[in-house]
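Notes follow the structure.
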Amino acid sequence: MDATANDAPSAYAVEGFPTIYFAPSGKKGTPIKYSGNRDLDHLTKFMEDNAVKSFQKKEEL
Numbered sequence: 004m005d006a007t008a009n010d011a012p013s014a015y016a017v018e019g020f021p022t023i024y025f026a027p028s029g030k031k032g033t034p035i036k037y038s039g040n041r042d043l044d045h046l047t048k049f050m051e052d053n054a055v056k057s058f059q060k061k062e063e064l
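If you read the sequence shown in the working numbering, its first letter stands for residue 4, the second for the next number, and so on.
Encoded structure:
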């Protein structure tokens with residue numbers, strides 16, 4: 004979501020840009036704030052650790 008053009012829900016506290024949150028399936032009211040490195044490997048690991056449903060990373064991305 005573009006927080007410069009939209010008001011973020013209170014559960015998504017924006018302290019700076021970019022601010023990254025992950026809302027697992029069924030838990031949009033309690034998002035998990037990401038504070039790790041901004042690279043594919045770290046973001047993927049964060050998603051794998053917090054996802055409710057399993058997924059597979061596509062190498063062509």
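Ideal Cβ positions, reconstructed from N, Cα and C, are used throughout, including at glycine.
Within 8 Å, strictly: CB atoms of F25 and F58: If you number the sequence shown from 1, residue 25 lands on position 22. If you number the sequence shown from 1, residue 58 lands on position 55. No.
F25 in three-state terms, based on DSSP: Numbered from 1 along the sequence shown, position 22 holds the residue referred to as residue 25. Strand, per DSSP.
Residue range of the unbroken beta strand (DSSP E) whose run includes K36: The count along the sequence shown starts at 1 and reaches residue 36 at position 33. Unbroken beta strand (DSSP E) run through K36: 35–37.
Supposed contact pair N9 and P27 - C-beta distance, whole angstroms, cut 8 Å: As a working mapping, residue 27 is identified with position 24 in the sequence shown. As a working mapping, residue 9 is identified with position 6 in the sequence shown. Actually they are not in contact, since the Cβ atoms of P27 and N9 sit about 21 Å apart, beyond 8 Å.
Where the alpha helix (DSSP H) through K56 begins and ends: Position 53 of the sequence shown, counted from the first residue, corresponds to residue 56. Careful: K56 lies outside any alpha helix (DSSP H) and carries neither H nor E.
For E63, the nearest candidate out of V55, L43, A14, E51 (CA to CA): Numbered from 1 along the sequence shown, position 60 holds the residue referred to as residue 63. Residue L43 is the option with its Cα nearest to E63.
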